[in-house]
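Here's the structure we're looking at; comments come further down.
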Amino acid sequence: MEQEFASSLLEGAVSEFAKLPGIGRKTALRLVLHLLKQDQGAVRHFGEAVINAREHITYCRVCHNISETQVCPICGNPARDASTICVVENVKDVMSIENTAQHRGLYHVLGGLISPIDGVGPQDIEIDSLAQRVASGEVKEVILALSATVEGDTTCFYIYRRLAQWPQVKITQLARGVSVGNEIEYTDELTLGRSILGPHPVHRQFHTAITPISTMADNYLEYAREAYEKRIAKKRQAVLTRQRKFLEQYRKQQQLKKQQNQQE
Ligand SMILES: [Zn+2]
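Counting from 691, one number per residue, gives the positions in the sequence shown under our numbering.
Have a look at this one:
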């Protein structure tokens with residue numbers, strides 16, 4: 691790339707910052723100029739914090755959450771319920787669920803979702819290690835806390851099928867419904883349909899906000915099929931009405947022509 695700044699050192703720093711997600715060259719320049727105004731000790735501290743984090747933070751070998759030790763503090767805490775595993779996409783989700791202070795079990799971080807379009811298959815995320823944890827026999831319940839997207843649903847179904855060989859393990863999914871503060875009118879049809887099909891008792895417990903995934907899947911498929919059929923029926927009706935109108939007009943025109951011919 692062509693050098694934009696008078697100093698190659700400045701150029702180097704800006705280029706490094708611009709590699710960060712969501713940071714363009716303009717923002718990168720602003721950040722670097724801000725750091726240049728700070729005293730040297732503060733900037734050294736900043737750099738060391740980043741290097742230390744990279745060198746010493748690793749992933750828990752059990753749940754793949756971020757950890758400074760081989761086994762993270764959550765997996766290592768004897769007070770946590772090891773029979774319940776909450777499956778999430780990434781470490782940020784662990785933080786979000788931990789903030790609710792409602793989940794007393796352990797976690798399993800997949801490190802992504804199955805997405806054939808992006809070339810991400812089941813073998814690319816931590817599903818094998820989840821199956822191994824379940825196979826150990828200690829797990830009684832697996833809660834799938836994945837996004838309500840096509841990728842999230844695909845991953846849920848895949849895990850559900852994969853864990854079906856242990857029928858004693860209960861597999862549940864987070865409830866999907868209307869967000870707090872959202873108006874019913876503006877909630878999309880599918881979300882609303884799913885919330886009506888899977889109503890949950892109003893309770894503060896994390897665990898009450900989940901339904902067994904098999905019921906969820908059946909209800910959802912049934913609902914999707916009905917919604918699809920309704921839409922098709924509506925379209926068919928519209929086409930028929932249009933055809934009928936056209937025919938009526940055509941007949942009238944023909945009649946008029948006939949009358950005109952007879953008069954002549
Ligand atoms: Zn862990």
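For every residue, glycine included, the Cβ atom is placed at its ideal position computed from N, Cα and C.
Predicted model, so just to flag it, every value in this text is computed and none were measured.
Item                                                                                                                         : Value
Spatially closest choice to Gly827 from Phe936, Ile713, Pro857 and Met785, by CA coordinates                                 : Pro857
Bridge-paired residues (DSSP) for Thr748                                                                                     : Ser757
Gly731, buried or exposed, once every other Cβ within 10 Å from all chains shown has been counted against 16                 : exposed
Asn789: CB within 7 Å of a non-hydrogen atom of ligand 1                                                                     : no
Distance between His735 and Ser837 (C-alpha atoms, nearest Å)                                                                : 37 Å
Any non-hydrogen atom of ligand 1 closer than 7 Å to Asn780 Cβ                                                               : no
Residues that Gly795 bridges to, as DSSP identifies them                                                                     : Asp771
Below 5 Å from a heavy atom of ligand 1 - residues by beta-carbon                                                            : Cys750, Val752, Cys753, Asn755, Cys762 and Cys765
Backbone secondary structure at Val704 - three-state DSSP                                                                    : helix
Beta-bridge partners of Glu831, as assigned by DSSP                                                                          : Thr774 and Lys860
Beta-carbon contacts of Arg794 that lie in its chain and below 7 Å, excluding the five residues immediately before and after : Arg770 and Asp771
Under 8 Å between C-beta atoms of Tyr797 and Ile764                                                                          : yes
For Tyr850 and His897, the rounded distance between their alpha carbons                                                      : Reliability fails at His897, whose pLDDT of 41 lies under 50, so the model's placement of it is uncertain and no value is given.
Cβ-based neighbour list, Leu726, same chain, cut-off 7 Å, excluding 5 preceding and 5 following                              : none
CA nearest to the CA of Leu710, picked from Asp729, Ala696, Val740 and Ser697                                                : Val740
Enclosing alpha helix (DSSP H) for Cys846 [first to last residue]                                                            : Val840 to Arg852
Presumed contact (8 Å Cβ cut-off) between Val958 and Asn742, rounded CB distance                                             : Outside the shown range of the chain, which is 691 to 954, sits residue 958, and nothing can be said about it.
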